[in-house]
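Trainee: Take this structure, written in C-alpha cells, and hold onto it; I'll ask about it next.
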Amino acid sequence: MFLYVKTKRPINTLNMNDTFLIDNQTIDDLQLFESPKYNRSVYAYFDYTTTLGGKTRLKELFQTPLRNIYDLQTRVEDLRFLYEEIENISFQKEPTDFIEFYLANSDSPKKYSFFRALKKSIQYQYKKKQEQYNKQRGLIEILDTISFLNELCQELQKKGQVSFIKNLSILINTIYADAFIRNCLEKNYRKLKGIRLERCDYLIRKIYRQEIRDILNYVYQLDAYYSVALAAKKHSFSFPQYIQHDKSKLELKAVFHPFLHNPIVNDFSLTANNHLCFLTGVNMSGKSTLMKSIAIATYLAHIGFPIPAKKMTTGLFNGLLTTINLADDLTQGRSHFYNEVLRVKFVAQELSTRKNLLIIFDELFRGTNVKDAYECSLLIVEAFSKHPNSLFVISSHLVEIAHNLKDITPIQFKHFQTQFGTNGPTFNHILLDGITSDRIGTWLLKNEGILEMLNDMTNNNDTGH
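If you're matching positions, the sequence shown starts at 5 in the working numbering and goes up one per residue.
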C-alpha cells in the first residue's frame, strides 16, 4: 500500500513529476506519524498548535510533500520569518472555537432590512437572550480577531515580505473597506446591540462570509506555521537549502535523530559521483539511527520544515523509500527473506520509472543464511551502484561484501567503530571513513553467561542420568 501525494505546480518553475513517493513501510520505519505501535512520532515534535483548525492544517502540511523549489523556498522563507518573530505572536483556542460555532449557527440571516432588524432587537428585550448573546459574542470575537490581525500584519510587513501575511492583509483590507464595519471597528464594538447588531451580523455572516472564512483559514495557517517555527527553536533545528539543478546531491552537517536526548551528531553527504554509501558496524554502533536521521531530514526538507541538523543542502527527490524494520507477512505465508526479495523488487521497479530516489536499506537479506545473504547483497549493491540519478545508503554486518566492492568508484565506505575495554565494548557513534571488521557476537554470548548457562544445564542433565 503506497502513498502518492499530488501537489500543485506554479507557473515558471521546474518541470518535475507532480508526485512524491513514500510508502507505509517507510512511514513506519521513521515513525513519521502517530501510530498505536509507538508512543511518539516525528509529527508530534512539531505540534505546538493551540487551535483545532491549526492542528488540522499542521497535519495537512506534514502529510503533503512538495515537488517544486518555488513552493518549498516560499514555505521555508515564511517559517524562517516567523522563527525570528516567535516572541511577538500568540494564539488562543477559545475565540476561534466560538467563531466556528457562530458561523455555523442555523440562525444565519438570509436578508437584511431596517424593519427586520428592528423586530429582532425588540424580541431580544423579552426573549431569545441566548441568540442575542451568541451574536454579540461571535461578532466581538471576529472583530477582535480582525483588529488583532490588522495590527499584526502591519507590524510584520514592516520587517519583511511574507507571502501568506501579504495575502491575509489583502483580505483584512476588504473587510475594512466596508464603511459600516470599519465604523464598528473604530468605535466600541463590544457594546453592539439593537439595529447595529443585526446589521453587523448580516454583513459578517452573509455578505463577507467567505472572506471571514478565508481569514479564519489564514489564522489556522499562521497557527500551524507558528507551531513549526516554535519547534525549530525548541529543538535546535535548522532550515534546509535547496539545489535547483543538481538533483543527485544530499549534504548534511551535524545531523541527528530528533528522538534522542543530547545526541551525537554526524556529517554525511552523497553526490552523483559517490551516490552509494556502504555502511558497516556492529549492532548498537549507530547504523540504524544514522539512516533514520538521514531519511527523516530528507522527508522534512520535502515538506519545507526545519530539519534536525546544523545545515542541509539537497536536491529534490521523486521519493523516499526505506527498509529498516521489515516484518514477516504471516497472513500471506511469506518468510522474512521472501519479503526482502519482494521489497528489493519493488524498489527496482520504482527506480526504473521514477529515477531520482533516496533508497535506504538496513542489513540487506538478514532473513537468510550467510552465503545467500552475501551473494544476494553483493549483486544488489553492484546493481544499485549503476544508478547515478538516485542516492543509496546500505548497511551490512557482512564486511566481506565491502571488501569485494572497494574497486567500484561510485561507492563510498563509512563505518562506526567499536572500542573494547575491560568492561566490554563501547560506542562513540561517530561516523568514520572506511570499513570496520569489528564483531561483538561472541563477546555478547559470553558476557550474558548464555554458554555457561547451557553448559551447566547439560552437566546437570548428565548427572541426573
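Every residue, glycine too, gets a C-beta built ideally from N, C-alpha and C. Note that the structure is predicted; figures quoted are calculated from it, not measured.
Around the Cβ of residue 365, are there at least 16 other Cβ atoms within 10 angstroms (buried) or fewer (exposed)?
Mentor: Classification for residue 365: buried.
Trainee: For the pair the region 279 to 293 and the region 303 to 320, tell me if three or more CB-CB distances fall below 8 Å.
Mentor: Too few Cβ pairs lie closer than 8 Å, so no.
Trainee: Excluding five sequence neighbours on each side, which residues of the same chain lie with their C-beta closer than 6 Å to the C-beta of residue 341?
Mentor: Correct list, in chain order: 371 and 372.
Trainee: What does the Cβ neighbour count give for residue 320, buried or exposed, with the cut at 16 atoms within 10 Å?
Mentor: It is buried - the Cβ of residue 320 has at least 16 other Cβ atoms within 10 Å.
Trainee: Just to confirm my understanding: we take residue 415, look at its own chain, exclude 5 residues before and 5 after, and list those with CB closer than 6 Å. What are they?
Mentor: Excluding residues within five positions, the ones whose Cβ falls inside 6 Å are 280, 282, 389 and 409.
Trainee: Do you know whose CA, among 108, 43, 163 and 231, lies nearest residue 83's CA?
Mentor: Minimum Cα distance to residue 83 is reached at 231.
Trainee: Using alpha carbons as the reference points, say which of 386, 153, 41 and 288 lies closest to residue 92.
Mentor: That would be 153, whose Cα lies nearest to the Cα of residue 92.
Trainee: Figure out for me which residue from 295, 354, 406 and 451 has the closest Cα to the Cα of residue 426.
Mentor: Here the closest residue by C-alpha is 451.
Trainee: So the alpha helix (DSSP H) residue 184 belongs to, where does it begin and stop?
Mentor: Residues 183 to 190.
Trainee: For residue 429, which residues does DSSP report across the bridge?
Mentor: BP columns for residue 429 point to 424.
Trainee: Less than 7 Å between the C-beta atoms of residue 304 and residue 222, yes or no?
Mentor: Cβ atoms of residue 304 and residue 222: not closer than 7 Å.
Trainee: Give, in chain order, every unbroken run of the beta strand (DSSP E) that is at least 3 residues long and sits entirely within the region 297 to 324.
Mentor: You should have 315 to 318.
Trainee: Report the option in 31, 49 and 55 whose CA atom is closest to the CA atom of residue 68.
Mentor: It is 31.
Trainee: Cutting at 7 Å between CB atoms, please list the residues of its own chain near residue 215, excluding the five before and the five after it.
Mentor: So the qualifying residues of the chain are 175, 178 and 179.
Trainee: Pick out whichever of 49, 107 and 301 has its Cα sitting closest to the Cα of residue 219.
Mentor: Closest option to residue 219, Cα to Cα, is 107.
Trainee: With 16 as the cutoff for other CB atoms within 10 Å, does residue 29 come out buried or exposed?
Mentor: Under this definition residue 29 is a buried residue.
Trainee: DSSP beta-bridge partners for residue 259?
Mentor: Partner(s): 270.
Trainee: So with Cβ pairs under 7 Å, would you call residue 425 a contact of chain B?
Mentor: The chain labelled as chain B is not found in the depicted structure, where only one protein chain is given.
Trainee: Is it a yes or a no for the region 45 to 59 touching the region 224 to 242, going by three-plus beta-carbon pairs under 8 Å?
Mentor: As far as the Cβ criterion goes, the region 45 to 59 touches the region 224 to 242, which means the pair count is three or higher.
Trainee: Near residue 65, which residues of its chain fall below 7 Å by C-beta distance, leaving aside the five closest residues on each side in sequence?
Mentor: Excluding residues within five positions, the ones whose Cβ falls inside 7 Å are 228 and 307.
Trainee: Residue 366 lies in the beta strand (DSSP E); which residues open and close that run?
Mentor: Start and end: 361 to 366.
Trainee: Apart from the five residues on each side of it in sequence, which residues of its chain come closer than 8 Å, Cβ to Cβ, to residue 438?
Mentor: So the list reads 417, 418 and 419, once near-sequence residues are dropped.
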